[in-house]
Every structure is written in structure tokens, then in C-alpha cells.
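To start, the structure under review is shown below, and the notes come after it.
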Amino acid sequence: MSEKKKFAIFDIDGTIGRTSLYFQVVEELINSGTLPEEIRKELNTVYLPYQERAHKGAFRDVTNTFVQVFEEHMKEIKVTDFRAAVDRVIERSSKHVYVFTRDLIQKLRAEGYFLIALTGSEMYSAQKFTEQFEFDITVGEIYSESKGIFTGEVSRVFDKKDKYIKQFVSDHNLTYSDSYAVGDSMTDAPMLALVENPIAFNPEDRLFDTAKKNGWKIVVERKNVIYELESKDGSYILAETDI
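At position 115 of the sequence shown the residue is numbered 1178 (my numbering), and the sequence of numbers has no breaks.
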């Protein structure tokens, strides 16, 4: 039997990409006229507080609202229009990534790790974004379609990441030994709990608290500085790394 391979799993939005792929695609659909302009006003009621970090729940509010508004209008969108919007977003912003996760992906790939991307963004957009990193598997949400139009049915990923990991480990002869997972939101916590090297990267408040309780590594990247917080003897030690 062949030797089991080590693996690493990465979230995409806010973990690899500096801005949410999901948010950018929705905004591009509005800018191109595929979605009605009046949607922008509704989204701004939560997006502006999120940009200003007005309150702790701003991240959850903006995520939930973008998903709700987009899915209410999915049946109006042609698949070709959606993918054209994705292509424009990828062309202009695919390189807007965090240095820490970019370098970690490159390091682990060079060491022979099996690389997996799991995201709540749609499958086509996720795969287009991760082409530059040569992931072995990229899994995003699947939007059902019929006669070139979205039906409104969505196959979720964000709340099943731990189940996907267990399946991949079984299907691809992977080992949990020295495994990695990197994510920024509470929906990533179940996958972080499965691996030997969990990293909460620029975590939202709930993931930050969960990471501290579990002694997971916390990494924060701001401008040209990366801060790594590691648990030691019940407290966290800060190590600063210049890029």
C-alpha cells in the first residue's frame, strides 16, 4: 500500500484572498446590470458598518445579507452572465492575496502536501481563483442550473467542511499526521479541530475566542507585518515577523 500523504486545507475568502470573492462577484453583477441597482442600497446598510468595524457582529451581518440578497435573485441570472462576472473579478483581483497564506501554500506544496481549498463561494469562481496555486482539490458551493439559468438550489459547503475533510482523507489516502487547516471564520472551526496544525488567520471574534480556548495558533497580517500568537503554558506569546 502506498504511503499516506500529508494534507493542508485552506478557506479562500478572507484567508487567501484579501477581499471576499463572494462579495466581489455580487458587486460585479450589480455593476454590470445583471442584478438591479437598488440591491446596492440594501447591501450598503450592512457593508459600510462591516468596513468600519462598527460592531462585533458586522462580519456575520454582511455575510448573511449578501447571501440572502443574492439567492433571492438567483433565478434571474444567466449562468453565462454570472461566469463572465466571475472572470472579470478574477482578472483584476486574483493577485490580491495575503502573504502569510500565499507563502504557506507554496511551502507546503514544495514539501509534497496534498492541498485542498474549501469555500462557501461558488464552485466556478473558487476554481478560477485557485488555479494560480495549483491546489489538488478545490470545492465550492454548487448552484443548480436548468436551460442556462440558475434554479435557486444551492449545494452547501460552508457548514460541512469537516465532513468533506474526512471524506478526502479516506478517498485520497491522506494522513492527519502534521496536517494543516487555515481559516478566518467560525464556520472554519470544525475543520481546524480535525488537524494537528490549526491556524486561525485574521479570525472573526467568535473564531478568535474558540482558538484561544483550544490553544490554536492565531495569525494576524496587517500591511507588511505578520503577527503569530502561539499558546504556551496557558497564555499566548507574540512573535512578530517582517515580510
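Just so it is clear, CB atoms sit at the ideal spot from N, CA and C, and this is done for glycine as well.
Item: DSSP state of D1234 mapped onto helix, strand, coil; Value: helix
Item: Segments of 3+ residues assigned as beta strand (DSSP E) that fall wholly inside the stretch 1151-1201; Value: 1177-1185
Item: Contact under 8 angstroms by Cβ, I1289 with F1163; Value: yes
Item: First and last residue of the uninterrupted beta strand (DSSP E) at R1285; Value: 1280-1285
Item: Residue environment, D1251, which counts as buried when at least 16 other CB atoms sit within 10 Å; Value: buried
Item: Of the residues G1120, Y1110, I1140, S1065, the one placed nearest E1208, counting alpha carbons only; Value: I1140
Item: 8 angstroms contact criterion, which E1259 and S1242 should meet: CB distance rounded; Value: 5 angstroms
Item: Continuous beta strand (DSSP E) stretch holding I1072: start and end; Value: 1068-1073
Item: Three-state class that DSSP yields for V1130 in the structure shown; Value: helix
Item: Cα-Cα separation, R1165 to L1171; Value: 10 angstroms
Item: G1080 classed as buried or exposed, judged by whether at least 16 other C-beta atoms fall within 10 angstroms; Value: buried
Item: Spatial distance of K1224 from L1181 (CA atoms); Value: 7 angstroms
Item: Simplified DSSP state of L1301, which is helix, strand or coil; Value: strand
Item: Inter-residue spacing [alpha-carbon to alpha-carbon] between A1147 and A1189; Value: 14 angstroms
Item: Cβ contact check for the stretch 1187-1203 and the stretch 1083-1092: 3 or more pairs under 8 angstroms; Value: yes
Item: E1293 - containing alpha helix (DSSP H), residue span; Value: It is not in any alpha helix (DSSP H) - E1293 instead sits in the beta strand (DSSP E) that spans 1288-1295.
Item: Cα-Cα separation, G1297 to I1179; Value: 31 angstroms
Item: Helix, strand or coil at A1256 according to DSSP, with G and I counted as helix; Value: coil
Item: Proximity winner among H1136, R1155, N1236, relative to L1098 (alpha-carbon distances); Value: H1136
Item: Per-residue DSSP class, three states only, for E1100; Value: coil
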